[in-house]
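Engineer:
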Amino acid sequence: MEDQFVIVTIFFGSLLIGFSGAASPGPLLALSIKETLQNGWKAGPLIAIGHSILELFIVIGISIGINQLLNSDFIAKTISLFGGIMLIILGIQTIISNKEVNINDTKEPSNLNSKTLLLQGALVSLSNPYWFIWWVTIGATLIINSSDHGILGIASMYIGHILADIVWYTAVSLILVSGFKFLSNKIYHYLLLSCGIFLFLMGIYFIYSFFSI
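Mapping of the sequence shown onto numbering that gives the first Met the number 0: position 141 corresponds to residue 140, and the numbering continues sequentially without gaps.
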C-alpha cells in the first residue's frame, strides 16, 4: 500500500513539474502556435507526442547512465550551433510564408501531416540545448529518485511528465482554434509573424550560446 502511494506521488509530482516547464515560453510553444494556426487543433497534441517520444529515449538513456555524455561541453556546443541554425531556418520560413496563408483555410485543414508534426516536435526539442540541460539536471534527479521504486517508478515519472506536455499543448491549440472566429486575417498574420520572429531570435540566442559555452 505504501509503495502504491509513493508511485502515485511520483506521478503527480512529475505532472506538476512538467506543467511548470510546458507553460514556459520557448521554441516548442511557438511551433505549436504556428502549426495550430496553419493546420488546426490537432497540431498541438501531435507536436507534444513527438516531443514525448524523444523524451522516452532520454529517460531510457539517463536510466542507463548516458547523462554523463550529454553533460559534456562538446555535446552542448554542438546542440547549440546546429539547433540554432535549424530554428533560424524554421523562423525564416514562417516569416516568409505567413502572408501566403488565410485564416479560413485553417478551419478545415486538409493537408495535416501527422508524421511531419511528430518529427517537428522531436526536432525542435532536440534543437534546444536548455532542454538537454533540464534533463541532465532536474530530469536526471527525478529519474534517479524514481528508480528507487523500479521500472514502475520510472514509468510513473515519465507518464506524469509527458501528460503535462500533451494536456498543455492540446489546451493551447483548442484555445487558439476556438478564437479563430474572433481573428481577422491581419491579426492572424501578425501571430504567425511573431512566432517566426521568436523562432529566429531563439536560433540566434542558441548560436550565441555556442560561442559562450
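Yeah, the Cβ is synthetic: ideal placement off N, Cα and C, and Gly gets one too.
None of these values were measured; they are calculated from a predicted model.
On the criterion of 16 or more Cβ atoms from any shown chain inside 10 Å, does Tyr157 qualify as buried, or is it exposed?
Structural biologist: Result: buried.
Engineer: Quick one: give me the first and last residue of the alpha helix (DSSP H) that His50 is part of.
Structural biologist: Its alpha helix (DSSP H) spans residues 42-62.
Engineer: Since I believe Glu54 is in contact with Ala42 (beta carbons under 8 Å), could you give me their beta-carbon distance rounded to a whole number of angstroms?
Structural biologist: Actually they do not touch by this definition, with Cβ atoms about 19 Å apart.
Engineer: If we count Cβ pairs, one from each stretch, closer than 8 Å, do we get three or more for the region 11-31 versus the region 145-159?
Structural biologist: With the cut-off at 8 Å, the region 11-31 and the region 145-159 touch.
Engineer: Are the CB atoms of Ile6 and Gly152 within a distance shorter than 8 Å?
Structural biologist: The answer is yes: Cβ separation under 8 Å.
Engineer: Whole angstroms are fine: how far does the CA of His188 sit from the CA of Thr77?
Structural biologist: Cα-Cα distance, rounded: 33 Å.
Engineer: Using DSSP with H/G/I as helix, E/B as strand and the rest coil, what is Ser109?
Structural biologist: Note that Ser109 has pLDDT 48, beneath the 50 cutoff, so the model's placement of it is unreliable and the number below is only indicative. Coil.
Engineer: Using beta-carbon positions only, say whether Leu30 and Ile46 come within less than 8 Å of one another.
Structural biologist: Cβ distance < 8 Å, so Leu30 and Ile46 count as in contact.
Engineer: Just to confirm, is the Cβ distance from Phe199 to Gly90 under 8 Å?
Structural biologist: Yes.
Engineer: For a quick check, are the C-beta atoms of Gly82 and Phe205 less than 8 Å apart?
Structural biologist: Yes. Within cutoff.
Engineer: Residue ranges of each alpha helix (DSSP H) run of no fewer than 4 residues wholly in the region 119-199, ordered along the chain?
Structural biologist: Those alpha helix (DSSP H) runs which fall completely within the region 119-199 and span 4+ residues are 128-133, 139-146, 149-177.
Engineer: Label Gly49 either buried or exposed according to how many other C-beta atoms from any shown protein chain fall within 10 Å of its C-beta, with 16 as the threshold for buried.
Structural biologist: Buried, because 16 or more other Cβ atoms sit within 10 Å of the Cβ of Gly49.
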